[in-house]
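Here the numbering used here = 1-based position in the sequence shown + 79.
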Amino acid sequence: MSTAVGVEHPRLEGRDKVTGAARYAVEFPADDVAYGWAVPASATRGRITRIDPAPALAVPGVLDVLHHGHAPRLVPGVDATLFLLQEPAVHYRGELIAVVVAETLEAAREGARLVRIEYDTEPHSTVLTEHHPGLYRPEKVNPGYPPDTADGDFDAGFASAEIRVDATYRTPAYHNNPMEPHATTAQWQDGRLLVHDSNQGSSSVQSALAELFGLSREAVRVVTEHVGGGFGSKGYAKAPVVLAALAARQVGRPVRLALTRQQLFGPIGYRTPTIQRVRLGADTDGRISAVCHDAIGQTSTIYEFAEQSAVYTRSMYAGRHRRTTHRLVRLDVPTPFWMRAPGECPGAYALESAMDELATACGVDPVELRIRNDTAVDPDQGQPFSSRNLVACLREGARRFGWADRDPTPGVRRDGRWLVGTGVAGSSYPARSRAAAATATATPDGTFEVRINATDIGTGARTALWQVAADALAVPGDRVAIRIGDSALPPAGVAGGSMGTASWSWAVIRACEGLRDRIRNSPGGTVPAGGLTVEVSTADEIRAQPPRPRYAYGAYFVQVRVDVDTGEIRLDRMLGVFAAGRIVNPTTARSQFIGGMTMGVSMALHEEGLLDERYGDWVNHDLATYHVSTCADVERIEAYWLPEEDPDLNPAGVKGIGEIGIVGSAAAVTSAVHHATGIRIRDLPVRLDKLL
Ligand code: MOS
């Protein structure tokens, strides 16, 4: 019996990646390939009145300039952000409104600079405030939750509470910034479309392209073998794949198109800024009686995306009287979209920060406060959690970190010129599964192939599925090949929502189990000369699974030091403990947890989209001016996990770990800053100028 699951293993494609042999979307060979360069709108709201392509066409090598008056027609579909080059309307500054196609990348770029565009402009509204006259309640919030919930009588409960916290937290726009930009090589052959595209799930990109170009799904193939990150922004078809397909059709040649780093700030989505008011009412022991979370975010005029920021508060801590609300404003901005733990991440920053404020107000240790407000029953659904090891994470983290005997008094520890503080926060993320199909094939030589359109966005998903398959087949891994990343494979859901491994391994295990049965029942119990293949879908099984609150949990412990004169903040140490079901591959899991926590540090201390109201666009749209945490910003970072067996999840027993690492992490950092300095910053990021 093999024991692949739970064993450390480097990524199967790791060597290919570090030697450059792994091909990304714009690196696939294509005969006679041309290059596209997208042109962004320089107006914020209005319409294009004239496009003059002549100066661009005069550049040697430029083949064509596509725009709304000169591009193949698309069929309008569910996502209006993809209805590109069809209409003269401009919805936000930076919207991609033309594509220059040329023999070389350089010519395309030069041409894009020279296209002359004139606009009729209208006044724009691009700044989110809690007083915006356009505030409304969306029908639902991502991915389908009701916008508002209420249980008990929050107002009465809050009014009669002995201790009250009422605080408003603000988070700016955040930009996903994967290392590999959104990029595509597109080619048409006999009315069929083949694209190599960087995305988090090519089955849904295939559907989107089929709809837009009026094709059957079978006429579209999307290959996504390697992806250099996405953080949610590649969770659905985005502009480059549509623009490349339009351009390839127009010029009758394969076309490569990659967005520039600057073009990633907007057209591909971002995390909405939020304004979140959290109110907590408790007794003097810190037991919560009333909790309310009111979240405000923005969307675009093109498409409604409603970040579910208050959803975290519905299920995280106990409390009799509860209320959550979401309000939205449609602004002349690009459409926000998924960014690592959409909703839970900004929401947990607000709630976990308020918990820290409550701990201070009650004089209760913030670890103990969270333990006192633990609940075995989901306050939202009224059902027991399938498993909930938040308290175990807090206790294990406190032990490893050395939390005991912490003096809660803020601003009193000095180490030379540094003020030193520690902070804690909790975390949770739903453990969901989605239907998928898979095939497993046995050949008489004793080898196996498992096929599923899973996507590895750099996380190690390919390796994890290979381990799961080897275990399910009960053979050593070197006899198993795993094929993923191609819409021609059995369809599967997106690498997102922390449900990739749970969903895909479900189908992989069922296919492998089915194959073993078939081999057992075949003549002689052996694989016939022609091989054996089993194809499964988990749709019925997942539909039949009773609904139940299923969540992963975590706890973070942070130490910071703050320069007493300059306000400079250094992160000395960050430690996370997680309970996320079975961990398939400790090597890649650790990297997921640490990556999530680093992104939380980035959110707490560095990242901020700064909008210039005059232009309605971000002024810091590159990695020089939009600061992202690097190794030098994190001196010591550790991730641990608890053994957790939850039989009520999925056949692999996994909860998903892509997002739990980031969820509450920013609050642990900002709480440590408060402990160090006595200053409570409620608008991120915490920068030195806010501490002076
Ligand atoms: Mo994640 S933001 O669900 O890709």
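Backbone N, C-alpha and C define an ideal beta-carbon position, used for all residues, glycine too.
On a predicted model such as this, the values are computed, not experimentally measured, just so you know.
{"Query": "When you compare each of Thr404, Tyr215, Val547, Ala137 to Ala181 by their alpha carbons, which one comes out closest?", "Result": "Ala137"}
{"Query": "Which residue wins for smallest C-alpha separation from Phe344, given the options Arg759, Ser708, Gly688?", "Result": "Gly688"}
{"Query": "Taking 7 Å as the threshold (C-beta atoms), are Arg652 and Gln638 in contact?", "Result": "yes"}
{"Query": "Would you kindly work out how many angstroms separate the C-alpha atoms of Met80 and Ala608, rounded to a whole number?", "Result": "Note that Met80 scores 39 on pLDDT, short of 50, meaning its location in the model is unreliable and no value can be drawn from it."}
{"Query": "Would you kindly report the start and end of the unbroken beta strand (DSSP E) that includes Met676?", "Result": "Here Met676 belongs to no beta strand (DSSP E); instead the alpha helix (DSSP H) covers 665-684."}
{"Query": "Run through the stretch 675-761 for me and flag every whole alpha helix (DSSP H) of 4 or more residues, listed as ranges in chain order.", "Result": "744-756"}
{"Query": "Hey, Tyr253 and Met418 are a contact pair by Cβ (cut 8 Å); roughly how many whole angstroms apart?", "Result": "6 Å"}
{"Query": "Check whether the Cβ of Trp497 lies closer than 6 Å to any heavy atom of the ligand MOS, and answer yes or no.", "Result": "no"}
{"Query": "Nearest by alpha-carbon distance to Asp772: which of Asn532, Arg558, Ile536, Asp619 is it?", "Result": "Outside the modelled stretch of the chain, which goes from 80 to 771, sits residue 772, for which no answer is possible."}
{"Query": "Within 6 Å: the Cβ of Arg485 and any heavy atom of the ligand MOS?", "Result": "no"}
{"Query": "Have a look at the DSSP bridge pairing and note the partners of Thr264.", "Result": "His275, Arg335"}
{"Query": "What number of angstroms, rounded off, separates the C-alpha of Asp696 from the C-alpha of Tyr396?", "Result": "38 Å"}
{"Query": "Give the straight-line distance between the Cα atoms of Thr351 and Gly311, rounded to the nearest whole angstrom.", "Result": "13 Å"}
{"Query": "I'd like to know if the stretch 627-634 and the stretch 595-603 are in contact, where contact means that at least 3 CB-CB pairs between them fall below 8 Å.", "Result": "no"}
{"Query": "Once the 5 residues before and after Ala477 are set aside, which same chain residues still bring their CB inside 6 Å of it?", "Result": "Val446"}
{"Query": "Three-state secondary structure (DSSP) at Val765?", "Result": "coil"}
{"Query": "Return the CA-CA distance between Gln355 and Ile347, expressed in angstroms with no decimal places.", "Result": "24 Å"}
{"Query": "Classify Trp482 as helix, strand or coil using the three-state DSSP reduction.", "Result": "coil"}
{"Query": "On the DSSP bridge list, what partners appear for Trp497?", "Result": "Asp494, Asp642"}
{"Query": "Please list the terminal residues of the continuous alpha helix (DSSP H) segment that includes Gly125.", "Result": "Per DSSP, Gly125 belongs to no alpha helix (DSSP H); it is in the beta strand (DSSP E), 125-131."}
{"Query": "Given a cut-off of 7 Å on the beta-carbon distance, is the pair Pro415 and Tyr315 in contact?", "Result": "no"}
{"Query": "According to DSSP, is Tyr315 helix, strand or coil?", "Result": "coil"}
{"Query": "Counting Cβ pairs, one atom from each stretch, are 3 or more of them under 8 Å apart for the stretch 381-390 and the stretch 423-443?", "Result": "yes"}
{"Query": "Kindly list the residues whose CB is nearer than 6 Å to the CB of Ala433, restricted to its own chain and excluding five residues on each side of it in sequence; keep chain order.", "Result": "Val244, Ala246, Val357, Leu359"}
{"Query": "Taking the straight line between their C-alpha atoms, what separation do you get for Asn452 and Arg401?", "Result": "14 Å"}
{"Query": "What does DSSP give as the partner residues of Ala516 in its beta bridges?", "Result": "Ser616"}
{"Query": "May I have the straight-line CA-CA distance separating Phe480 from Arg474, to the nearest angstrom?", "Result": "10 Å"}
{"Query": "Using three-state DSSP, classify Ala113 as helix, strand or coil.", "Result": "strand"}
{"Query": "What does a CB cutoff of less than 8 Å around Arg562 pick up in its chain, not counting 5 residues either side in sequence?", "Result": "Glu528, Val529, Arg530, Ile531, Leu568"}
{"Query": "Bridge partners for Met578 per DSSP, in chain order?", "Result": "Answer is none; Met578 lacks a bridge partner."}
{"Query": "Asp95 by DSSP, collapsed to three states: which one?", "Result": "helix"}
{"Query": "Rounded to a whole number of angstroms, what is the C-alpha to C-alpha distance between Gly757 and Asp435?", "Result": "12 Å"}
{"Query": "Using the rule of at least 16 other Cβ atoms within 10 Å of the residue's Cβ for burial, across every protein chain shown, is Asp772 buried or exposed?", "Result": "In this structure the chain extends from 80 to 771, so residue 772 is not present and cannot be described."}
{"Query": "Give me the residue from Thr518, Thr534, Gly308 with the minimum Cα distance to Leu552.", "Result": "Thr518"}
{"Query": "Less than 8 Å between the CB atoms is what I'm expecting for Leu207 and Pro119, so what's the real figure, rounded?", "Result": "With a Cβ gap of about 22 Å, Leu207 and Pro119 do not count as contacting."}
{"Query": "Tell me Gln377's beta-bridge partners as DSSP assigns them.", "Result": "Val408"}
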